Amino acid sequence: MSGTLFRGQAIRRHADVQRTQIIHEPPTLSGRVLTGALRRALWALRWGTWATVMVLWAAVYIPPAGLFTVVAALALVLGGWWALALVSSLAGAGVWLWSRRWPRTWRWVESRGRRFWRRIRYRFTWDDVLAASGIKATDAAHRIVVPRLLWVRLGDHVDELSVQLCPGITPDRLAEQADALACEWCALEVRVTRHPRAAGWVLLRVVYTDPLADQPADSTRDQVDLGRLTLGRREDGRPWTLRLLGRHLLIAGSSGAGKGSVVTALLWALAPAIRDGWVRVIGIDPKGGMEFGMYPGLFHMLAMDSEAELVAALEAAAALAAGRCEALRGRTRLHRPTVDEPHYFVIVDEVASLTAYITDRALKDRAKAALAVLLTKGRAPGFSVVGCVQDPRKEVLDLRNLFTVKVGLRLDSDTEVAMVLGDNAHDRGAHCEQINSLTPGIGYVVDDEDRRDPVKVRAEYHDDAEMSWLSATYPSPTHEDIPALATKAGKRRDAS
Ligand SMILES: Nc1ncnc2c1ncn2[C@@H]1O[C@H](COP(=O)(O)OP(=O)(O)OP(=O)(O)O)[C@@H](O)[C@H]1O
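Following our numbering, the numbering of the sequence shown begins with 532 at its first residue and continues without gaps.
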C-alpha cells in the first residue's frame, strides 16, 4: 500500500516496492502476459515521446544542430544511408572549419551544447546520483525517496538548481555530500544554500568555471554613476556593481584578504568624478600612510600622521555632514551631488584603530561619536562611509549594523561571518572562512536593502604603480588641510 508522496521524488528503480508486490500479489499467467505487453508499450511510448521532445528542443536550443538534424533526416529518407554518411562528413568538415575560422561564434554554439547536455544530465541522472551519494530516505511505503529537482537555471559559469527537500533530508545532509555531487557532475564546487523564497527548499550552486580565479581586467570608465559603481566581477561572470549613493560600505577580512583592493577598485571607479570635483574623498589611514600615502592626489583631505589628526579629520567630516543635513532639511530627502555640493566618501582604512586601539580614551570616544554621526546622519546629505575592519569582534566595532552594504572577504570562522554579514548569511551561502588565502580580493557581498542571497565577487586589483598613475591623472581639484582638533574648552589644539 503506497501513500501519496507530497515532498521529494520517489526513485525510479524502487526495488523494494516491486519485491513487495511480487511477494504479495503473484499475477496469473494471462495477467502476466498482458501486463508485460502493456508495460512494453507504455515504455516505448514514454521513451519515444521523450526522444522526440529532446530532438526538437535541441534543434531549437542549438540552431546549427537543428539544421543538421533536418538535413540529415532528409538525406536519410531521400538518399539512404550513403547520403546520411555524406551529409555527416560534410557537417564534420564544416564544424572543423567553423571552429578555426570563427572561434567566437563557434564558442557560443559549444556553450549552448554544453548547457543543453548539463540540463539533460541533471534531469535524467538526478535520482541515481543522489541515491548513490547517500542523499535518500525510505518512507513508510518502503519507497526510496530523494529530494525533488524543481528548476534548473543554467549559467556560463554557475548553474543554480532549486531543490525541494524530502522528509529526513536536511540542508546540512546535502551540504555534507556536496563534494560527491561535485565529483559526479565534474564541477569545481557545489554549494548548498537556503532558498530565498521557500522553506524546505534549497539552492544548489554548481560551479563549473571560476571567473574569479583570474584577475579582472583594468578599466577606467569616464561615466561615474554612484548608483552603479563597477568594482570587479561576480561569480557568474557578470560585473560586480555597487550602489553607494546614500549608503555606507563595510569591508571585513583577515590580514591580506584584499580589503585594500576593494578600496582601490572603488577609487578607480570614482576617479573621473573625483577629477571633475563632484565627488570628494576624505582618507583616514591609521597605518601612517602605508595605504593612502601611495595615491594622495585622489584625496580632498588625508589624515595619516597622528591619532589626533585622524580624529580631527573624522570630526571635520561629521561636522560637514551635520551642517549639510541642517541646510537640506525640508528641501530634499536624498542629496544629489554637484560640483558645488559634492558627495563625500569618508574612507577609514582600519576602523578598529579609531574605535578600539586608540590609547587616549577621550580621543577614542570622540572618534566613535564622529563615526556614529557620519553613519546615522550622513546618508541623506551625501556622505558615504567606507570602513575596513580586520577583526570583526563586537567590542571592536559596535557600529557595524549601521553599514548598509557589507563585504566579507576571507575570514577565520563562520562566527566571524555572522558578525560581519548577519546571522543567517552563512546559511545563505557566504562561506568566507572557506576562501583560499591564495585568492585575495574574493568575498561575499550582502546588501541589507535588497533581500538577495550573498553574492560571491572579486574586486579588481590595481597595484601601486597603477594607483600612482591614477592619482596623477585624476587628481582631486580641491585639497584641504586637516583642521586643528577642537579641545573640550572650545579652543583648538594642533592636530599634528
Ligand atoms: N583583487 C585582488 N586580486 C589579486 N591580488 C590581490 C587582490 N587583492 C589583493 N591582492 C594581493 O594581496 C595582497 C594583500 O592585499 P591587501 O593589502 O589589499 O590586503 P588587506 O586585507 O588590505 O591586508 P592588510 O589588512 O594586512 O592591509 C596585495 O598586495 C596583492 O598582492
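Even for Gly, the Cβ is constructed at its ideal location relative to N, Cα and C.
These numbers come from a predicted model, not from an experiment.
Q. If we call anything under 8 Å between Cβ atoms a contact, is residue 984 one with residue 964?
A. No Cβ-Cβ contact shorter than 8 Å links residue 984 with residue 964.
inquiry  = Spatial neighbours of residue 553 within its chain, please: C-beta separation below 8 Å, excluding the five flanking residues on both sides.
reply    = Any reading at residue 553 is ruled out, since the residue's pLDDT is 43, under 50, leaving its predicted position unreliable.
Inset, instruction - Pair every Cβ in the segment 954–961 with every Cβ in the segment 911–930, then say whether three or more of these pairs are closer than 8 Å. - result: No, the segment 954–961 does not touch the segment 911–930.
Legend entry - Contained beta strand (DSSP E) runs [length at least 3] in the segment 614–687, N- to C-terminal order: The segment 614–687 contains these whole beta strand (DSSP E) runs: 675–677, 679–684.
Quiz prompt | Strand pairing of residue 781, partner residues [DSSP] | solution = Partner(s): 918, 937.
Q.
Taking the straight line between their C-alpha atoms, what separation do you get for residue 681 and residue 600?
A. Taking the straight line joining both Cα atoms gives about 30 Å.
* In terms of residues, what are the limits of the alpha helix (DSSP H) holding residue 716? -> First-last for residue 716: undefined, no H or E at that position.
- [ ] Check each candidate in 649, 783, 707, 838 and name the one with the smallest Cα separation from residue 739.
- [x] For residue 739, the closest alpha carbon among the candidates 649, 783, 707, 838 is that of 649.
Margin query: By alpha-carbon positions, which one of 612, 826, 630 ends up nearest to residue 1000?
Written below: Considering only alpha carbons, the answer is 826.
Beta carbon of residue 689, beta carbon of residue 816: below 8 Å? Not closer than 8 Å, so no.
Whole-Å CB distance - residue 1029 paired with residue 990, under 8 Å assumed: With the chain running from 532 to 1027 in the structure shown, residue 1029 is simply not present.
*When the Cα of residue 932 is compared with those of 914, 915, 938, 953, which residue comes out closest?*
Comparing alpha-carbon positions, the option among 914, 915, 938, 953 lying closest to residue 932 turns out to be 953.
8 Å CB neighbourhood of residue 585 in its chain, flanking five on each side removed = Result list for residue 585: 651, in chain order.
request  = Specify the secondary structure class of residue 1007 as computed by DSSP and reduced to three states.
outcome  = The answer is coil: DSSP assigns residue 1007 none of H, G, I, E or B.
Checklist line | Start-end ranges of the beta strand (DSSP E) lying completely within the segment 781–805, minimum 3 residues | finding: Runs of the beta strand (DSSP E) inside the segment 781–805: none found.
Return helix, strand or coil for residue 757, following the three-state DSSP convention. Three-state DSSP puts residue 757 in coil, outside helix and strand.
Closest to residue 647 by C-alpha separation, out of 736, 594, 883, would be which residue?
When the alpha-carbon of residue 647 is set against those of 736, 594, 883, the nearest one is in 594.
Legend entry - Strand pairing of residue 734, partner residues [DSSP]: Beta-bridge annotation (DSSP): residue 734 is paired with 693, 724.
Residue 788 beta carbon near ligand 1 (any heavy atom closer than 7 Å): Yes, the beta carbon of residue 788 sits closer than 7 Å to at least one heavy atom of ligand 1.
**Beta-carbon contacts of residue 614 that lie in its chain and below 8 Å, excluding the five residues immediately before and after** = Taken in chain order, the residues that qualify are 606, 607.
Item checked: Same chain only: Cβ atoms within 7 Å of residue 998, ignoring 5 sequence neighbours per side -> So the list reads 795, 825, 826, once near-sequence residues are dropped.
Quiz item: Closer than 7 Å: is that where the CB of residue 975 sits relative to any heavy atom of ligand 1?
Solution: Outside the cutoff, so no.
> Thinking C-beta only, is residue 917 closer than 8 Å to residue 780?
Replying inline: Yes, the pair counts as a contact, with Cβ atoms nearer than the cut-off.
Smallest Cα separation from residue 656: which of 716, 670, 620?
-> Closest by C-alpha distance to residue 656, out of 716, 670, 620, is 716.
| Considering only C-alpha positions, which residue in the set 876, 895, 973 is nearest to residue 841? | Answer by Cα proximity: 895.
### Query
What do you reckon, is the C-beta of residue 792 under 7 Å from a heavy atom of ligand 1?
Taking the Cβ of residue 792 as the reference point, at least one heavy atom of ligand 1 falls within a distance shorter than 7 Å.
Alpha-carbon spacing of residue 810 relative to residue 762, whole angstroms:
Straight-line Cα distance between these residues: approximately 17 Å.
Discussion item. Quick check on DSSP: helix, strand or coil for residue 950?
Written reply: Shown here, residue 950 sits in a helix according to DSSP, grouped into three states.
Got a sec, what are the start and stop residues for the alpha helix (DSSP H) residue 854 sits in? Segment 838–859, the alpha helix (DSSP H) holding residue 854.
Could you spell out where the beta strand (DSSP E) holding residue 698 opens and where it closes?
Following the DSSP letters along the chain, one finds residue 698 in no beta strand (DSSP E), marked with neither H nor E.
Report task. Report the partner residues of residue 987 according to the DSSP bridge assignment. Result -> 975, per the DSSP bridge assignment.
_Whole angstroms are fine: how far does the CA of residue 627 sit from the CA of residue 822?_
One alpha carbon belongs to residue 822, the other to residue 627, and they sit about 52 Å apart.
Q.
Assuming the contact rule is C-beta atoms closer than 8 Å, residue 769 and residue 758 should be a hit. Round their C-beta distance to whole Å, please.
A. For residue 769 against residue 758, the beta-carbon gap comes to about 17 Å, at or over 8 Å, which does not count as contact.
Check: Taking 7 Å as the cut-off, does the CB of residue 990 come closer than this to any heavy atom belonging to ligand 2?
Finding: Questions concerning ligand 2 fall outside what the structure shown contains, since the ligands it does hold are ligand 1.
Does the beta carbon of residue 665 fall short of 7 Å from some heavy atom of ligand 1?
The closest heavy atom of ligand 1 lies 7 Å or more from the beta carbon of residue 665.
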